[in-house]
Every structure is written in structure tokens, then in C-alpha cells.
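J.: Would you mind keeping the following structure in view while I ask a few things?
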Amino acid sequence: MSTPSPSVLNAKQIPVTQLTGIGPRTAVLLNKLGITSLQDLLLHLPYRYEDRTRIHSIAELRTGVTAFVCGRVELAEVVVKTKKSLVCRINDDTGFLYLRFFHFSAAQLQALTPGSWLTAYAEVRLGFAGLEMVHPDYKILASRDEITADEALTPVYALTEGLSQHTLRKAIKHALSWLTQRPELLPDCLPTTLIEAYCYPALIEALNALHAPKSVQAPPTADHPARKRLALEELLAHHLALRQVRQYAKTATAPQLTPPVTVLTAFLDHLPFALTRAQQRVIKEIEHDVSSNKPMLRLVQGDVGSGKTVVAAYTALLALGSGYQVALMAPTELLAEQHFRTFTSWLGDSAFPVVLLTGQNKSKHKETLLQTLAKDSPILVVGTHALFQQSVQFSRLGLIIIDEQHRFGVHQRLALREKAQNTGLKPHQLVMTATPIPRTLAMLQYSDLDISIIDELPPGRIPIVTSVIPSERREEVINRIQHWIDQRRQAYWVCTLIEESELLQCQAAENTALLLAQSLPAVRVGLVHGRMKARDKEHVMQAFKQHELDLLVATTVIEVGVDVPNAGLMIIENPERLGLAQLHQLRGRVGRGQSESFCLLLYQMPLSQLARQRLKILRDSHDGFYIAEQDLQLRGPGDVMGTRQTGQMQFKIADLQQDAELFEFISMLSDHLLRDFPELITPICQRWLEHAGLYAEV
Ligand code: ADP
Ligand code: MG
């Protein structure tokens, strides 16, 4: 992919500060939303709309309806009922309505002089003295003649603290008018034939339809062709970029990994168990890949507990036994440390060194380590993203293993492939994920990889009994923990929180740990969360593993990989806040021993119909693939434009749930584009991808 020549500017190259009205302060705020260019601004779509195109008469208002009204102020006063509030009564000659403010200023009260006219917009509810609006969006008018309804719907955008809807609306309006004057800044990248076949609007038309919808009938929803078109283009960009990565990677030469058979048999003989049929099959696929001189690009999908680690260890041995170095990357230090121990014990007899490299390594120790890596000898390095650091240079890297891929971004995965080596050979790559995803999604998300599936659990596993329990029954649940621990078993208590803020999550976990310790004085309670030092976390985990602790309170940091077979009870607080796949992952921490285990989903009332349905799926199934399919099918309500993004693919517009029906077309469409419109590939990828260069280089 080449970068466009600087003379041909496009909207991605124009900083927002070039728009009138956007100063450095606003630019900083916009940056927090990931908006730095004109294009970013244009692609920041509203998530809902307000309709002020019609003025409702007060007489026609009903509770629950969001309405735009106008009226004359009859009175405004501060009242103290249960809470102090400013109440203003307006009248439009068809009836009266109260406006109520719990937060207000003296100036606000002052301005609401009886006799003046205002417009107000909010949801109507039943108050103490009749219908009311709480904290309406209102505007005081100079006179009655000033009352006008809007011509278009009002877009509502995701904001960041300090940025107002007003500022953002103005900025986007500006951006749209720039675009009208200079449409060449954002050329249409989809072929016209395609746009016509799907009845999609042209690009600029689509942006206008979404930011400034003219239609007064119904606001655009997630299914609006304008949004679908953008989502399709974005999905296509990701798919195409990954396909190019694959094409390019396959032209490279990789080391052929064909170690002496004795190395492998010794390993298998040393294992405390026999491999399942599924593990054997996947290992065969891997052996086949790495015995050729083309780099392997393989994803191993397998449900939690299906035994991916041993497959990774076997693959590592293929490289080590052939004289190459191996890098294994895990998403957390906890998991890296656990892998380090497992691999050390499994490979202990093989004479190949296993080392751990995390952000925590002491500098002296690290120095020796880096020197070892620079030498040619085969070695397995287990680590976290610290493996990315510039200072880490492998001299003979033959294999990269990435565990729990869903925790990494695509570009992180690609960056690791970049790791230079002196052999002139590209390393093979094995990617593992416990997040089973439907085939159509896998084709999109991992279009640079071949896929193997471990679809069988090791024998003797007893299914986890899952129950869905309202938080009112918390006491009962706590008693159950006591009873469980009396039987010398261990348990997890997982705290979740809707906020992105890790700090709040950790505080919640700390509080919960304190409360549980108070309610269960005889129980040894431990706590792990993401803000603890790695060493402290490790310490607690070790203590839990050695049964020096009975109950481990944790944030979702324990989602991945942790293995304590005696811990057969897990309570998940507020499970309704997490995705099904993530819940399934968490639940996978229990059910690792030889006796029955339990997972209690302690939900907060009230629970929406959809949330209820989702938890039921988790209760009734243990099949990660089925759960993932269902999660995808249970789309959220269609009236919101976007939902919070989770997972490793960060999209601006596309939504893995709302746009699931597009996946099937994507690979077909990309065939079509690669064949008939190769010149469009680069512009599409550059428009949508943050790290377009990375995709091009590897
Ligand atoms: P995951 O796929 O979730 O990474 P792990 O690799 O951690 O699963 O394996 C889960 C547990 O099952 C580990 O304790 C592992 O030693 C054990 N295990 C893996 N393969 C087998 C097998 N074939 N038979 C019995 N136990 C196995
Ligand atoms: Mg694992």
C-alpha cells in the first residue's frame, strides 16, 4: 500500500483545528473521543436523535413520551419536599406542565420570570402535582413569536467531559459544509455497481442522512441504509487488510520445523495425561504447516479448559527441537507466570531453557536474558506485551505463540510478527483463543489465519451447574459459601462494573472483599485486581492455589487462564453487565477438578427481557460456540445506533452484533473487489484503519 501523495489531501489528513470554531482546547477534548481529523469528525455518528420538529400541545402529553413543548411561565419557585428542587409551571393555553430541576442556580430561578415564554424538551412523567419534565433541555425566548420547531432532527453524540453537544454539533455541521464544498476530500471508495445493488446512498449523502436527517417521520436506526453502508465499508476494510497481510506473509520463507522424533515422544511420555483426539488432530494440522517453508498462520480455537496449552507446548517443542527460539505472549503477567511454570514443568526434561520476561524483570536479570536471546541457542521466552519492546531482539525466532488472542488488538498481533531476526526467515505463528466465534465472524476477524478447532474437552469433566439468582438473595449465597468452605473447598467471587474505569472496578472489589470478610469471619479472604502490583497479585494467586486462602475476590482479571481445581464455586456479581462470551470464560475457571462445581450469577434487579434471555442461555449451555452464536443473534434493540464496543476489533461504526448479517457478504465482496477493483483496496483500507501501514508491511 502506498501513502497518497501529499498534494492530494483527504479528510483524514486535515486536522480538526482547521475548522472554524475549533480551538486548541476543543481539539484536546475531541482527541479524547479519538477525533483528530476532519474524517474522524464526519465518522463520529450520533447514537440517537431528538425530535423537535413538532411542538406538542400540553393537552396531548402522556407519561413516558418525549416531547417538545412551549409555554408561558406561570410561576417558578424553590420547593422542599423530600429533596430541594426548583419548580416552574408553564401553560400553553391547552393545559399546564411542571418543569423540575434538582440542580439549579439562583440565576436560573431569576431568569424564569412569570410571563416569559420558553420551549422545553424532555420525557414527560407523572409528578407530585401533575405531569412534569425533569431537567428538560429548555430555552427562554424573547417573545412568543420566536417559537419555531426545528426543520431537522437533532443528533445526539457521544461526548467527553467538558465537551458540549452544542460544540460538537456545530463542529460536525462545519465539517459537513466543508465536505459539500470539497467532496473530493472524501471520495466514494465503493464501486457504484455495488452501491446500486444494495440500494445504499453515496458516501456524502449517507453522512448527511445520519448527521442531519431531514426525515421527520422516523429517526435513522441501526438498520438505516446509510449506516449499513458505512459499516459494510468498514468491515470490508478490515477484512481486505487482513487478507493482504496473509497474501504477503505467505510469500515469505519460514524455517522448516522437523525435530528429531525422540524429542517429541519424550515429551508425550512425560505428560501426566494422554492427548484427546481433538488435540491430536490439531497438532497434526500444525505439524503439517510448520514442516513446510511457508510461515504457518494458524488460530487454535478451543473452549476454556479444552487444553490449548499442551498444544502450544508441543508446537514450541517442534521449533526448539529444530534449533529455533520461541516467543509466547500472554495478555497478563498472571497468565504469563502460570504458563512459565507449566512449560517449565512440561519441558523440564527436554534440556531447552524456559524463561519469563515481563515488565517486572529486574534490570540486571533482564540484561542477561536479552543477551541470551541475541545468541542463537534455542530457548522459549514466555512474556507479556513486554516482548514488544524495542530492546528485545531474537536472533533465531522460529515461532510466535499468542495466547488468549481476544485480549490483544489486531495490530499488536501484527506488530509481534514484525520482530526482526537475523535469519532472514519469518517465524511461524500460532494464535490461541478461548473465545469461540461463529464461522462467519471468524472469517472476518481472522481472515489472515487458518483455523483449527479443539472441539472436545479432556475426559472426566463434570459440567458446571449454573444458577441465576437475584441480588436480594445475597445473604443466602453468602451462607452457601460458608457451607462450601466448611467442606474444604475454595471459591471465587467476581466483581464486575459497567464503568470502563479500572480504578472503580478495583475499589468495588476491595469493598466487596471487606464486606465478605466481615460476614464470613472464619473464612480466609483474598483479593486480586488489576491495579495491584504484579508481585502482589502473584502472591495472592499463589496463596489461593496452595489453599492458604478460601475465597478469592477478584475483578475480571481472573478471566483468563488461572487454574485452581479445588475452587469449584464461582459467584459472578452483576453478570448482566458482561458479554456472554466473557461470562463463559469466567465460568471456565471452575469445573477444572474431579467433582461437581457451581456458578451463581447474582444479578441486579430489574433485569430486562433481553438480559434475562441471555443469562438463561448461559445457564442452559456449556458449549462456547453455541453461546457465541446466540450472543450474536440476540441483537440489542434496533432503536439505538451503536453499542459499546468490546473485544479486540475496534470499529468506528460497525457493530459485531448489529451488523452480523453483513459478515456473510464480506468475503464475497472482497473477492469481487480484489478481482475487479484492485485500485480501491488501498483507499478503503487507509480510510478505515488506524494502523494501515502495519497491515501493509508485514
Ligand atoms: P485452555 O484451553 O483453557 O487453555 P488448559 O490448557 O489450561 O485449557 O487446560 C486445562 C486443564 O486441562 C489443565 O489443567 C491441563 O493440564 C488439563 N489437560 C489438558 N489436556 C488434557 C488431556 N488431554 N487430558 C487431561 N487433562 C488435560
Ligand atoms: Mg489457556
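The working numbering puts the first residue of the sequence shown at 6, with every later residue one more than the last.
Beta carbons are placed, not taken as given, at the ideal position from N, Cα and C, and that holds for glycine.
In this text, all values refer to a predicted model and were calculated from it rather than measured experimentally.
1) If you measure from the CB of THR389, is any heavy atom of the ligand MG nearer than 7 Å?
2) Check whether the stretch 42-49 and the stretch 182-192 touch, using three or more Cβ-Cβ pairs below 8 Å as the test.
3) Run through the DSSP bridge pairs and tell me what LEU102 is partnered with.
4) Sorry if obvious, but does the Cβ on PHE278 come closer than 7 Å to a heavy atom of the ligand ADP?
5) Do you know how far the Cα of VAL386 is from the Cα of THR25?
6) To the nearest angstrom, report how far apart LEU79 and ARG94 are at their CA atoms.
7) Do LEU685 and LEU678 have their beta-carbon atoms positioned less than 8 Å apart in this structure?
8) One question on the structure: do LEU402 and GLN330 come within less than 8 Å of each other, judged by their Cβ atoms?
9) List the endpoints of the continuous beta strand (DSSP E) containing ARG536.
10) By alpha-carbon positions, which one of TRP351, THR320, SER297 ends up nearest to ASP274?
11) What residue from TYR497, VAL470, ASP491 has the CA that sits closest to LYS621's CA?
12) Taking DSSP's pairing of strands, which residues face ALA134 in a bridge?
13) Just curious, the beta strand (DSSP E) that LYS144 is in, first and last residue?
14) Short of 8 Å in beta carbon distance, which residues of its chain neighbour GLY429, apart from the five on each side in sequence? Order them along the chain.
15) Whole angstroms is fine: what's the gap from GLU73's alpha carbon to ILE60's?
16) What are the boundary residues of the beta strand (DSSP E) that CYS604 is part of?
17) Between TYR608 and the rest of its own chain, which residues show a CB-CB distance below 8 Å, the 5 nearest in sequence each way excluded?
18) Give me the DSSP bridge partner(s) of LYS89.
19) Here's the rule: buried if 16 or more other CB atoms are within 10 angstroms of the residue's CB, otherwise exposed. What is ARG232?
20) The ligand FAD heavy atoms versus the CB of THR438: any closer than 7 Å?
21) Evaluate contact between the stretch 530-539 and the stretch 429-440, counting only Cβ atoms and requiring at least three cross-stretch pairs below 8 Å.
22) With DSSP as the reference, label CYS511 as helix, strand or coil.
23) Among the candidates ARG680, VAL482, GLN663, whose CA atom is the shortest distance from the CA of ARG234?
24) Is ASP741 near the ligand MG, in the sense that its beta carbon is under 7 Å from a heavy atom of that ligand?
25) DSSP state of SER452, grouped into three classes?
26) Which class does PHE278 belong to by DSSP, given the choice of helix, strand or coil?
27) Is the beta carbon of LYS289 within less than 7 Å of some heavy atom of the ligand ADP?
28) Using a Cβ-Cβ cutoff of less than 6 Å, which residues in the same chain neighbour ALA236 once the five nearest sequence positions on both sides are dropped?
29) Would you say the beta carbon of THR4 comes nearer than 7 Å to a heavy atom of the ligand MG?
30) List the whole-angstrom C-beta distance separating TYR52 from PRO218, where the pair is believed to meet the contact cut-off of C-beta under 8 Å.
31) Would you mind stating whether SER85 and TYR103 have Cβ atoms separated by less than 8 Å?
32) The ligand MG and THR363: does any heavy atom of the ligand fall closer than 7 Å to the residue's C-beta?
33) I need the boundaries of the alpha helix (DSSP H) containing PRO683, first residue and last residue.
34) Which residue's Cα is closest to the Cα of MET4: THR561, ALA527, VAL569, ASP193?
35) Return the Cβ separation of HIS521 and LEU556 in integer angstroms, given the expectation that the two are a contact with Cβ distance under 8 Å.
T.: According to the structure shown:
1) no
2) yes
3) ILE95
4) yes
5) 52 Å
6) The sequence shown places Glu at residue 79, not Leu. Straight-line Cα distance between these residues: approximately 5 Å.
7) yes
8) yes
9) Unbroken run through ARG536: none, as it is neither H nor E.
10) TRP351
11) VAL470
12) Looking at the DSSP assignment, ALA134 forms no beta bridge with any residue, so it has no partner.
13) 142-146
14) THR258
15) Reading the sequence as shown, one finds Phe at residue 73 and not Glu. For PHE73 and ILE60, the distance between alpha carbons rounds to 5 Å.
16) 602-608
17) VAL473, ILE474, PRO475, SER476, ASN579, PRO580, GLU581, ALA616, LEU620
18) VAL85
19) buried
20) Of the ligands one can find in the structure shown, namely the ligand ADP and the ligand MG, none is the ligand FAD.
21) no
22) helix
23) GLN663
24) Residue numbering for the chain in the displayed model covers 6 to 703; residue 741 lies beyond these limits and cannot be assessed.
25) coil
26) coil
27) no
28) ILE658, ALA659, ASP664
29) There is simply no residue 4 to check, as the chain begins at 6 and stops at 703 in what is shown.
30) Going by Cβ atoms, the distance from TYR52 to PRO218 rounds to 13 Å, so no, they are not a contact pair.
31) For the sequence presented, residue 85 should be read as Val rather than Ser. Against a cut-off of 8 Å, the Cβ pair of TYR103 and VAL85 comes out as no contact.
32) no
33) 683-693
34) For residue 4 there is no data in the structure shown, the boundaries of the chain being 6 and 703.
35) Residue identity check: residue 521 is Leu in the sequence provided, not His. 7 Å between Cβ atoms; contact.
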